[in-house]
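In this note's numbering, the protein residues as written are 2 to 176.
Right, dumping it as structure tokens:
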């Protein structure tokens, strides 16, 4: 599962942070994860965009979520974050799940293009959380959120929980 936080909603958005968490859809077992906070100026230097409306949106979020946006500690340059993110996907990645592949995956695709580095997965391995949720929306609605909203690791963990429950329901109902 991947999740990103951005400074715009366009496909050329500057990245605030990115995360990925390995998981098994059938068992719900969660594996290792990776997380990077990205330097805003390095995104701008690569031509990625910061949008005033999105910055305003961040300023209306809770303090913990704002830390994704406001703190400068532990930030890495865009090229370094994306190269390290690439290494996470180098082995043992069958599918890449995202809550809106036309958002997360597309923005990452454009960011990799900006640094002239290949995307770490094949487009045909992208899986959309929203499509899965369509078949059992109540499960998502009923799943309590644990962690910090708009923190990519917390968002990944939440999405994994309800996706695995939906998959299990669909598989069980099939029998």
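All C-beta atoms in this analysis are idealised placements derived from N, C-alpha and C, irrespective of residue type, glycine included. Small disclaimer: the values here were computed from a predicted structure and weren't measured.
Coil, strand or helix - residue i by DSSP
{"i": "residue 37", "result": "strand"}
{"i": "residue 132", "result": "helix"}
{"i": "residue 125", "result": "helix"}
{"i": "residue 7", "result": "strand"}
{"i": "residue 102", "result": "coil"}
{"i": "residue 167", "result": "helix"}
{"i": "residue 147", "result": "coil"}
{"i": "residue 118", "result": "coil"}
{"i": "residue 137", "result": "coil"}
{"i": "residue 61", "result": "coil"}
{"i": "residue 92", "result": "coil"}
Chain B within 7 Å of residue i, Cβ atoms only
{"i": "residue 173", "result": "Although the question refers to chain B, the structure presented lacks it and comprises just one protein chain."}
Whole-Å CB distance - residue i paired with residue j, under 8 Å assumed
{"i": "residue 15", "j": "residue 35", "result": "Rounded, the Cβ-Cβ distance is 19 Å, inconsistent with contact."}
{"i": "residue 154", "j": "residue 24", "result": "Wrong, their Cβ atoms sit about 12 Å apart, outside the cutoff."}
{"i": "residue 4", "j": "residue 156", "result": "4 Å"}
{"i": "residue 17", "j": "residue 7", "result": "6 Å"}
{"i": "residue 205", "j": "residue 27", "result": "Absent from the structure is residue 205, since the part of the chain shown begins at 2 and ends at 176."}
{"i": "residue 40", "j": "residue 78", "result": "5 Å"}
{"i": "residue 13", "j": "residue 111", "result": "5 Å"}
Beta-carbon proximity check, residue i vs residue j, cutoff 7 Å
{"i": "residue 171", "j": "residue 136", "result": "yes"}
{"i": "residue 141", "j": "residue 134", "result": "yes"}
{"i": "residue 91", "j": "residue 106", "result": "no"}
Bridge-paired residues (DSSP) for residue i
{"i": "residue 50", "result": "14"}
{"i": "residue 31", "result": "24"}
{"i": "residue 76", "result": "38"}
{"i": "residue 97", "result": "127"}
{"i": "residue 108", "result": "For residue 108, which the question treats as bridged, DSSP gives no partner whatsoever."}
{"i": "residue 19", "result": "5, 37"}
- Does the segment 65-79 come close enough to the segment 100-110 to have 3 or more Cβ pairs within less than 8 Å? no
- Query: Does the pairing of the segment 81-89 with the segment 103-122 give three or more beta-carbon distances under 8 Å?
  - Reply: yes
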